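Colleague: Dropping a structure here in structure tokens format, bear with me for questions.
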Amino acid sequence: MVQRVQRLNAIGIALSSEQDANVLLEDILSGARELTNADAGTLYIVEGAGPLASKHLRFALVQNDTLNIHYGGTGKPVGKTFSEIPLYLDEQPNERMVAAFSVLHNKAVSITDAYQEEGFDFQGTREFDKQTGYRSQSMLVIPLNNHDNEIIAAIQLLNKKDKAGNTIPFNDEDMELLSSLASQAAVALSNRQLIDDLHKLFESFTHVIATAIDAKSPQTGAHCRRVPDATLMLAQAASGSQYPGIEKFKMSKSDMYALEIAAWLHDCGKIVTPPHIVEKSTKLETISDRIALIEARIEVLLRQERIARLEAELAALKPGAVQSTEVETLQQKEAFWQQVLTFLRATNKGGEFLADEDIERLNTLSRYSYITLEGDEQPLITEDELENLSVRRGTLTDAERQIMNDHMVHTIQMLEKLPFPKHLKNVPEYAGGHHERMDGTGYPKGLRREEMSVPARIMGIADVFEALTAPERSYKQPMSLSQTLTIMGRMVENKHLDPDLFNLFVEKKVYLQYAEKHLQPEQIDQVDLSQLPGLSLRHA
């Protein structure tokens with residue numbers, strides 16, 4: 123008995139430290155069988171919402187040494203091999219099934235011989251024996267209660283063996299040991315369930331934040347949902363690869379989970395970024411697109427020209443008046459302003475580059491003015507509008523871009539205030555570094571490559587790749603793979619992105635793995651690796 127108690131304590135310690143739910147279930151059933159020398163056993167999980175009348179028992183594990191059966195856990199999937207056991211049938215307690223009876227009455231049940239026992243329905247057991255040639259005999263069933271005294275599972279042991287291999291009944295000592303193990307197992311299962319529930323809650327919380335940020339602006343679309351995919355694809359390709367430059371890089375399951383959380387939260391600071399900046403799809407957009415104001419001013423100018431023409435025509439009707447050429451001049455002016463409108467509308471959309479001559483033309487147009495109804499002279503293009511229209515790349519001014527860049531400051535501040543557990547302590551560092559550059563010219567901290575972790579550098583590549591290929595940006599067309607990788611290669615040459623990770627990203631075709639999942643068919647073109655800048659394949 124002493125040795126069995128010692129073994130019970132050892133099993134209890136192992137249960138309390140096990141992190142894998144499947145292994146935990148196996149440890150519980152295997153431990154129960156070991157303590158009682160049972161040939162076979164089943165672990166049921168109580169499932170269903172509400173009262174017991176709406177719940178059932180699910181076969182989580184089925185083990186049988188004689189038949190070499192191992193279903194559930196790390197063995198074969200249970201699937202539909204074993205049917206669920208309802209706790210109620212036709213609104214009546216299902217007391218004919220021994221496992222259901224044990225759960226319904228919260229009591230242990232010991233049976234000497236299933237074929238001789240009265241009061242329970244062992245038809246299913248006998249059918250199983252008939253199909254397999256097995257002989258089910260002694261049986262011990264005990265429920266597992268959690269800290270709220272709710273029954274969460276049940277253990278059913280079958281055919282206790284003596285030293286000679288003969289089947290014998292379970293005794294009181296077996297009952298006592300199994301009851302003790304069931305108590306410890308229930309605590310371990312409850313703790314595992316609470317931890318899993320907290321994980322699910324936390325993951326759902328991070329997904330809600332990311333979804334809210336994506337919903338905040340059609341310009342970023344599903345950015346926060348796609349970056350985690352690109353990040354994990356590259357991390358999985360890099361981890362343990364022994365790739366040149368990152369030979370020692372390897373991520374555990376816990377590390378991957380932390381990186382995934384960081385990827386989901388990498389832009390959480392945008393939640394405080396003003397919507398008119400996040401959502402700025404044109405250069406003149408605030409609450410509305412101010413291009414309409416400039417269009418109205420040009421309309422005023424044209425009307426003033428038409429009025430001047432009509433006044434000239436009236437003057438020409440007077441005796442001795444000289445014939446005016448104002449009609450021809452007006453037609454020329456209308457054509458000129460129509461060209462101006464076309465130019466301003468195109469410039470307002472933003473793009474990858476605005477030429478010097480376009481900037482000079484904007485400055486020239488800003489010197490035009492019009493007369494208001496009050497007789498005041500006002501500029502056709504205000505200083506603020508000129509500053510916005512003169513943005514060379516994208517739609518944001520320097521001041522607005524700084525506000526947008528500050529989302530990284532907010533991201534880091536928000537994440538550093540969260541009391542992350544030990545296995546998630548690197549989330550702020552991973553999430554906060556995706557806008558840093560390898561030469562230290564990035565933001566918000568101006569970190570250099572050697573000051574950043576590999577996961578943070580991975581996120582930098584994932585973030586850029588998603589942004590370039592994203593289909594929702596109104597100021598640009600979604601780029602093809604060849605265009606995207608060319609731009610990223612130039613960023614490597616300019617020491618913005620990590621060269622080793624970019625090489626791996628291309629050589630391991632991580633970009634193609636992502637493309638097949640997220641990109642439009644027309645974006646997936648052939649990539650000529652020999653023409654990509656910034657690339658030096660290591661294992662070609």
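Using the numbering used here, read the sequence shown as starting at 123 and increasing by one per residue.
Just so it is clear, CB atoms sit at the ideal spot from N, CA and C, and this is done for glycine as well.
Please read all numbers here as calculations on a predicted model, not as lab measurements.
Here's a check: name, in chain order, each residue in its chain whose Cβ is nearer than 6 Å to the Cβ of H269, leaving out the five neighbours to either side.
Modeller: In the same chain as H269, and ignoring 5 residues on each side of it, the C-beta atoms closer than 6 Å to its own belong to S312, in chain order.
Colleague: Using a Cβ-Cβ cutoff of less than 6 Å, which residues in the same chain neighbour A662 once the five nearest sequence positions on both sides are dropped?
Modeller: Here the model assigns A662 a pLDDT of 43, short of 50, so the residue's position is not dependable, and the following value carries that caveat. Within the same chain, A662 has no close Cβ partners at all.
Colleague: Just the Cα atoms here: how many angstroms apart are F265 and A230?
Modeller: Here residue 265 is Pro; the residue named in the question, Phe, does not match the sequence. Those two C-alpha atoms are separated by around 7 Å.
Colleague: Tell me whether D650 is buried or exposed, calling it buried when 16 or more other Cβ atoms sit within 10 Å of its Cβ.
Modeller: So D650 ends up on the exposed side.
Colleague: Output needed for A222: all residues of its chain with C-beta closer than 6 Å, excluding positions within five of it in sequence on either side, in chain order.
Modeller: I207, L209, N216
Colleague: Assign T606 to one of two classes, buried (16 or more other C-beta atoms within 10 Å of its C-beta) or exposed (fewer than that).
Modeller: buried
Colleague: Can you give me the C-alpha to C-alpha distance between D336 and R347, rounded to a whole angstrom?
Modeller: In this structure, the alpha-carbon of D336 lies about 8 Å from that of R347.
Colleague: Between L502 and S491, is the Cβ-Cβ spacing less than 8 Å?
Modeller: yes
Colleague: Determine contact between the stretch 362-374 and the stretch 508-527, defined as no fewer than three beta-carbon pairs at a distance below 8 Å.
Modeller: no
Colleague: Given a threshold of 16 other Cβ atoms within 10 Å of its Cβ, counted over all protein chains shown, does F292 qualify as buried or as exposed?
Modeller: It counts as buried.
Colleague: Using only the alpha-carbon positions, how far apart do T404 and R431 sit?
Modeller: 36 Å
Colleague: Once DSSP output is grouped into helix, strand and coil, what is the label at K544?
Modeller: Correct three-state label for K544: helix.
Colleague: For K283 and L147, what's the separation of their Cα atoms in angstroms?
Modeller: When rounded, the distance between both Cα atoms is 22 Å.
Colleague: Beta strand (DSSP E) containing H192: first to last residue?
Modeller: In the DSSP annotation of this structure, the continuous segment of the beta strand (DSSP E) that includes H192 starts and ends at 191-193.
Colleague: Given a cut-off of 8 Å, decide if Q185 and R155 are closer than it, judged by their beta-carbon atoms.
Modeller: In this structure, R155 sits near Q185, with a CB-CB distance shorter than 8 Å.
Colleague: Quick test of your reading: Q245 and V263, contact by CB under 8 Å. State the CB separation rounded to the nearest angstrom.
Modeller: By a beta-carbon distance limit of 8 Å, Q245 does not contact V263. Their separation comes to about 17 Å.
Colleague: Whole angstroms is fine: what's the gap from A477's alpha carbon to L406's?
Modeller: 18 Å
Colleague: I'd like the list of long-range same chain contacts for I133, defined as Cβ closer than 6 Å, with 5 residues on each side in sequence excluded.
Modeller: G153
Colleague: Using the three-state DSSP reduction, which class does Q278 fall into: helix, strand or coil?
Modeller: strand
Colleague: Here's the rule I'm using: 16 or more other beta-carbon atoms within 10 Å means buried, otherwise exposed. How should F371 be labelled?
Modeller: buried
Colleague: Just to confirm my understanding: we take R419, look at its own chain, exclude 5 residues before and 5 after, and list those with CB closer than 7 Å. What are they?
Modeller: Y492, L502.
Colleague: Could you pull the start and end residues of the beta strand (DSSP E) that R180 belongs to?
Modeller: R180 -> beta strand (DSSP E) spans 178-186.
Colleague: Please give the ranges of any beta strand (DSSP E) in the stretch 364-403, keeping only runs that are unbroken, at least 3 residues long and fully inside the region.
Modeller: With a minimum length of 3 residues, no continuous beta strand (DSSP E) run stays inside the stretch 364-403.
Colleague: Which residue spans inside the stretch 565-603 form an unbroken alpha helix (DSSP H) run of at least 4?
Modeller: 576-591
Colleague: Spatial neighbours of H329 within its chain, please: CB distance less than 7 Å, with the 5 preceding and 5 following residues excluded, ordered by chain position.
Modeller: W386
Colleague: Identify, in the order they occur along the chain, each residue of the same chain with its Cβ nearer than 6 Å to the Cβ of L452, setting aside the five sequence neighbours on each side.
Modeller: E427, R431
Colleague: Which stretch, first to last residue, makes up the alpha helix (DSSP H) that contains A334?
Modeller: 294-338
Colleague: Do you know how far the Cα of P577 is from the Cα of H74?
Modeller: Past the boundaries of the shown model lies residue 74; the chain is included only from 123 to 662, so the question cannot be answered.
Colleague: Three or more C-beta pairs under 8 Å: does that hold for the stretch 553-573 against the stretch 602-620?
Modeller: yes
Colleague: If you compare alpha carbons, which of D377, D389, I383 is closest to N527?
Modeller: D389
Colleague: Can you tell which of F475, L654, D506 has its C-alpha closest to the C-alpha of I413?
Modeller: D506
Colleague: Pull up the distance between the alpha-carbon of A275 and that of I150, whole angstroms please.
Modeller: Inter-residue distance for A275 and I150 is about 11 Å (C-alpha atoms, whole angstroms).
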